[in-house]
Amino acid sequence: MGQEFDSIERNGANSLSVDFIRAAVAQYRSNQLQCTADNLGLEDAHSIWFDLPTLKKFIADVENLARNADSSVIDADLGVRMYYAAYPENLEDISVKNEYFKLHTLIMIPTKKQENSVGEIVHYDYNPLINSSDKRLALVTTKAMAQNHGSLAPPDSCEGELY
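With the numbering used here applied, the sequence shown covers 33 to 195.
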């Protein structure tokens with residue numbers, strides 16, 4: 033098993049130590065998750081799962097729509113920002129399980145690398161659904177490119193989790 037792990041690392045795969053993962057997950061659960069329980073009386077989710085086809089499609093859509101909106105965009109200019117969020121109660125325009133209301137989630141938003149007014153490189157939130165380099169337009173449209181609706185655990189099953 034150690035040799036498999038070593039060869040994966042040499043091939044450029046991302047990795048973190050199991051000890052770090054355990055410590056970081058435990059830190060979250062004993063602080064942020066416990067704070068939510070103590071202060072909001074809410075048993076919040078501790079993980080979110082997305083299937084690989086959904087993630088791949090989101091990334092491919094970001095790349096394709098960004099190139100269609102601006103042919104000078106290259107992959108190195110693009111990224112994804114993950115916002116911590118919580119499902120609002122009684123929001124009728126989203127199709128979410130009632131058990132998810134008030135629970136935390138992630139909302140993924142495309143980003144585009146650009147220089148700001150003083151020449152610093154900034155990863156701006158970016159909406160490739162609009163064909164404009166004006167960053168402010170992303171906030172005044174009714175739809176923004178984003179990804180959400182992973183599976184929250186709990187209330188969904190925690191079976192399969194190791195951390």
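By construction, the Cβ of each residue, glycine as well, lies at the ideal position given by its N, Cα and C atoms.
Cβ pair residue i, residue j closer than 8 Å
i, j, result
"I139", "D157", "no"
"Y236", "I106", "Look at the range of the chain in this structure, 33 to 195, and you will see that residue 236 is not part of it."
"L135", "A69", "no"
"L97", "L48", "no"
"E147", "P187", "no"
Nearest-angstrom beta carbon gap, residue j and residue i [assumed within contact, 8 Å]
i, j, result
"W81", "S149", "Rounded, the Cβ-Cβ distance is 40 Å, inconsistent with contact."
"A117", "T137", "5 Å"
"V128", "Y119", "6 Å"
Straight-line Cα distance separating residue j from residue i
i, j, result
"A176", "L74", "29 Å"
"E121", "Q179", "19 Å"
"K144", "L72", "36 Å"
"G151", "L110", "18 Å"
"E95", "D51", "35 Å"
"Q64", "S103", "42 Å"
"Q35", "R61", "Residue placement at Q35 is poorly supported in this model, since its pLDDT is 48, which falls under 50; the coordinates are not used for a value here."
"E193", "F133", "22 Å"
"D83", "V154", "29 Å"
"K88", "Q59", "30 Å"
"S79", "E191", "12 Å"
"D93", "H181", "17 Å"
"I91", "A108", "13 Å"
Closest Cα partner of residue i within the set the options
i, options, result
"T174", "P186, P187, N159, D188", "N159"
Check: residue i C-beta below 7 Å from any heavy atom of the ligand NAP
i, result
"I139", "Here there are no bound small molecules, and the ligand NAP is not part of this structure."
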